[in-house]
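Taking it in order: structure first as structure tokens, then the write-up.
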Amino acid sequence: MSAIPISVQASSHLGASAPDYLSGLNPEQLKAVTTVTGPVLVLAGAGTGKTRVLTTRIAHILKLGLARPSEILCVTFTNKAAREMRERAERLIGPAATGLYNLGTFHSIAAQILRRHAELVGLKSTFTILDDDDQVRLLKQIIEGRRIDTKRFPPKTLAHFIDQWKNKGLLPDQVAKLNDEGADFAFGKGAEIYAEYQDRLRVLNACDFGDLLLHTLKIFTQYHEVLAQYHARFKYILVDEYQDTNVAQYLWLRILTNADRNLCCVGDDDQSIYGWRGAEVDNILKFERDYPGAEVIRLERNYRSTKHILAAAAGLIKANSARLGKTLWTEDQAGKKVLVQGIWDSAAEAQWVSEDVEKQKKAGRAYQDMAVLVRASFQMRAFEERFLMLQIPYVVIGGPRFFERAEIRDAIAYLRLIQSPDDDLAFERIINVPKRGIGDATVQKLLMQARVAGQSVMAAVRDLIDTDELPTRARTPLTAFVRDYDRWRELAKTIKHDMLLDTVLTDAGYYDMHRADKVSGQSRLDNLKEMVNSMADFEDLMAYLEHVSLVMELERDAGANSVKIMTLHGAKGLEFPVVYLPGWEEGIFPSQRSMDESGLRGLEEERRLAYVGITRAREEARISFVANRQVYGRWTSQLPSRFIDEMPIEHVEAVSQTGYAQAGWTSQESRWDRAGYQPNYTKREEPKAFGGNLSGVDMSRLEPKPHRPSAPAKPQPSKGLTVGTRVFHVKFGYGEVKETEGNKLIVRFETGDKKVMDSFVEKA
DNA sequence: GTCGGACTTATTTTT
DNA sequence: TAAGTCCGAC
């Protein structure tokens, strides 16, 4: 744990020249970078230079010659984080960064390891990685095979339980002893079906995401010589976002940490927002217990936000109990107080935000300096509608991802089947897409035959088309398909994989199928084109398929010069000068469901989410809540979120004209009243000076008025705003945006197959 | 194989 | 409310 003595002034290791990569670090950061031996926990608050510390640490280890690039294991959660890390490391150490083979996500590194030792867990090294769609379909087969009603016991639900178990590192036999909700699935058959699912995966030579970690974990536990090999290889381990690790990842890291214990975990317990998918805040809380003698370094100097923003966020997070505790500080100016605005209903809320966006724009801010962060995606719609009317360019970040689109999945299934004829799930997906007259009954028959004969479906088809067991009506198209398939396999040996896909999709009539589709065919064809283009960047089909199963994303138009609309979860790791935080109402945020399902733990996670939201702001955070909100078509009366009261009032500004009163509350006791703000609807005594925090105000005394419809908001022509020639490429409901005709941009939105609106935007 | 009506179900989402 | 799924009718 001892810091290797190195200072900016003098270093015997680094020759005469000062290590300039260390210059500009503050004392804590320097310590986090240079304490390279022994376990280290870096508690890095929001905006304290976490990534910089990690990358500089890598550089430092390399410059001191303590390890070669390939001997550093550096794990992240997302591909984006891994990419950013690599880029920044490259800037520090130059081309040597290419040698950082073990910098990547937990899953990609685990997959690499598993490919090398697959046979130890009964797989071949060419195993396929299933996406959750495949996973669900496989489970459906198993459940139906057991004659269990898939309506009462949906495969999706079990898939969710299995994921949770795998997150916790639980294997089927361990689940059997468990008495949880999932084990009760289908009258206590949960564990049994889980076991069967694992067996099927082995037969299919496949694994799901959780298996990547669990299988490697099993190998490390059972084969000491393999573990020893990795202990020798991974001399230094670095972990990003440690607060997001689940139990399986935690165990994985523990076992990979060798006797030298050169493990450095960086994280922030206050930003743990993924509990619902298995993250254990506990992992970071108990780090010191797990690694006795660990050095704990706190990064508390914030380089992002103003004083008011930090103080408001700090007051909020203070209400959480289980924390390691940090006090962020900044040398930045006080700045503006966090604004809190009560509003009548959600349409008015969107109006308020968009007017403010225009005001900011006129005052010289760029659109990309602003972001709207919502709790749940259904809240996005109101903002999209309003932004459209006002012609404010925006981009929705998140939403259905490229590789989750049906057409892309189909194309991948074709490729997967060509790559490995045994891929039954891929076969099933495309055998009748486009329609070849091979119906459900035939497919079931094929599956059955394959199962009985213990062979793959493709092999079963080859056998069956030579017999009389199938009606001619099914045999003819199947024969044709096999013939095509064999041709594609041959073709794959000679032509490049991107050309291969193009040919296959043409031959199979897949393009034609979408060309015939007037509604969304064109956008699907566009997506396929994009896919073919993207394939060129990969060496071969194998490499491409590995990429799509693990990376599952494609660089999308980042939407320069546009307001970002995203969920709070999606905003983690980002920052914006101005952040809008709408929908701070009890039940919405904090989410009722969170609180119902996980009680206090759920509430605390919601609070961390609020904390993440506020700390995204560099200069301005603007919170709003409404009195009336439509939830699933019903009007509901809302109460302001408790989080509002938890922010210290001296760092918060409420707009007097439009505080609770305007939002529709009738209370005489709202905190704004007591803070001296004059509601505009009632006479009251001299405002009293208010001192101190207002948490503890009895919120039950606030009574929202029942909803009365407000006058529909008129679309307002954009005043003096220029919309550039930017191509709008956004999501709206379930439709897509088309574009351009002459000097006009036509933005067409479709919901399902109903056209909703056309919007015309003059090109500037 | 396709269409339409009934029925169900509404967080957060990465790998 | 509104979108997705399922099932029966043609």
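Sequence positions in the first sequence follow my numbering and run 140 to 903. Quick reminder that beta carbons are idealized off the backbone N, C-alpha and C, glycines included.
Please name the residue or residues paired with residue i in a DSSP beta bridge.
| i | result |
| --- | --- |
| I268 | C346 |
| Y533 | V702 |
| N767 | D484 and S776 |
| M638 | Answer is none; M638 lacks a bridge partner. |
| E789 | Partner(s): none; E789 has no beta bridge. |
| R761 | L478 and Y719 |
| G512 | Residue identity differs from the one stated: residue 512 is Leu in this sequence, not Gly. Answer is M705, bridged to L512. |
Note the first and the last residue of the continuous beta strand (DSSP E) segment covering residue i.
| i | result |
| --- | --- |
| T775 | R773 to S776 |
| T215 | I211 to T215 |
| V435 | E434 to L438 |
| V405 | L402 to G406 |
Could you check how far apart the C-beta atoms of residue i and residue j are, in whole angstroms? I think they sit under 8 angstroms.
| i | j | result |
| --- | --- | --- |
| T384 | N422 | 5 angstroms |
| R544 | N672 | Not really, about 15 angstroms apart at Cβ, beyond 8 angstroms. |
| V621 | V600 | 6 angstroms |
| T355 | L253 | 5 angstroms |
| Q382 | D408 | 5 angstroms |
| L390 | T396 | No, L390 and T396 are not in contact; Cβ-Cβ is about 11 angstroms, not under 8 angstroms. |
| H447 | K475 | 6 angstroms |
| P721 | E759 | So it is not a contact: roughly 14 angstroms between Cβ atoms. |
| L182 | L463 | 6 angstroms |
| R514 | I727 | 6 angstroms |
| I281 | R339 | 6 angstroms |
| A451 | H790 | 4 angstroms |
What three-state label does DSSP hand residue i in the structure shown?
| i | result |
| --- | --- |
| D159 | helix |
| P234 | helix |
| T289 | coil |
| P716 | strand |
| E470 | coil |
| G184 | coil |
| T244 | strand |
| L310 | coil |
| G726 | strand |
| A502 | coil |
| A334 | helix |
| V572 | coil |
| V910 | A question about residue 910 goes unanswered here, because the residues of the chain that appear run from 140 up to 903. |
| A655 | coil |
| A631 | helix |
| A756 | strand |
| G738 | helix |
| Q410 | helix |
Less than 6 angstroms between C-beta atoms, sequence neighbours within five positions excluded: which residues of the same chain meet that for residue i?
| i | result |
| --- | --- |
| K295 | V275 |
| G87 | This structure does not reach residue 87, given that the chain is present from 140 up to 903, and the question cannot be answered. |
| V378 | V214 and C404 |
| Q769 | none |
| D159 | none |
| S247 | L689 |
| I762 | V479, L720 and W723 |
| E792 | K476 and L478 |
Tell me which same chain residues have a C-beta within less than 7 angstroms of the C-beta of residue i, skipping the five on either side of it?
| i | result |
| --- | --- |
| A235 | L201 and P208 |
| S595 | P560, D561, D563 and A589 |
| K870 | With a pLDDT of only 35 at K870, under 50, the local geometry of the prediction cannot be trusted, and the value read off the model is given with reservation. Answer for K870: V535 and G538, listed in chain order. |
Can you name the start and end residues of the alpha helix (DSSP H) that residue i belongs to?
| i | result |
| --- | --- |
| Y375 | It is not in any alpha helix (DSSP H) - Y375 instead sits in the beta strand (DSSP E) that spans Y375 to V378. |
| V365 | H363 to R372 |
| A565 | D563 to I569 |
| S688 | L680 to L689 |
| N666 | G660 to M674 |
| P166 | P166 to T173 |
| D429 | F426 to D429 |
| D106 | Outside the modelled stretch of the chain, which goes from 140 to 903, sits residue 106, for which no answer is possible. |
| K457 | K457 -> no alpha helix (DSSP H), and no H or E assigned at all. |
| L201 | K189 to K202 |
| L259 | From DSSP, L259 is part of no alpha helix (DSSP H); its letter is neither H nor E. |
Which same chain residues, not among the five before or five after residue i, have their C-beta less than 8 angstroms away from its C-beta?
| i | result |
| --- | --- |
| A228 | T194, I197, A198, A236, L239 and L242 |
| Y506 | V496, K500, I531, P532, Y533, N700, S701 and V702 |
| A206 | I200, K374 and Y375 |
| I557 | Y624, W627, R628, A631, L639, V643 and L680 |
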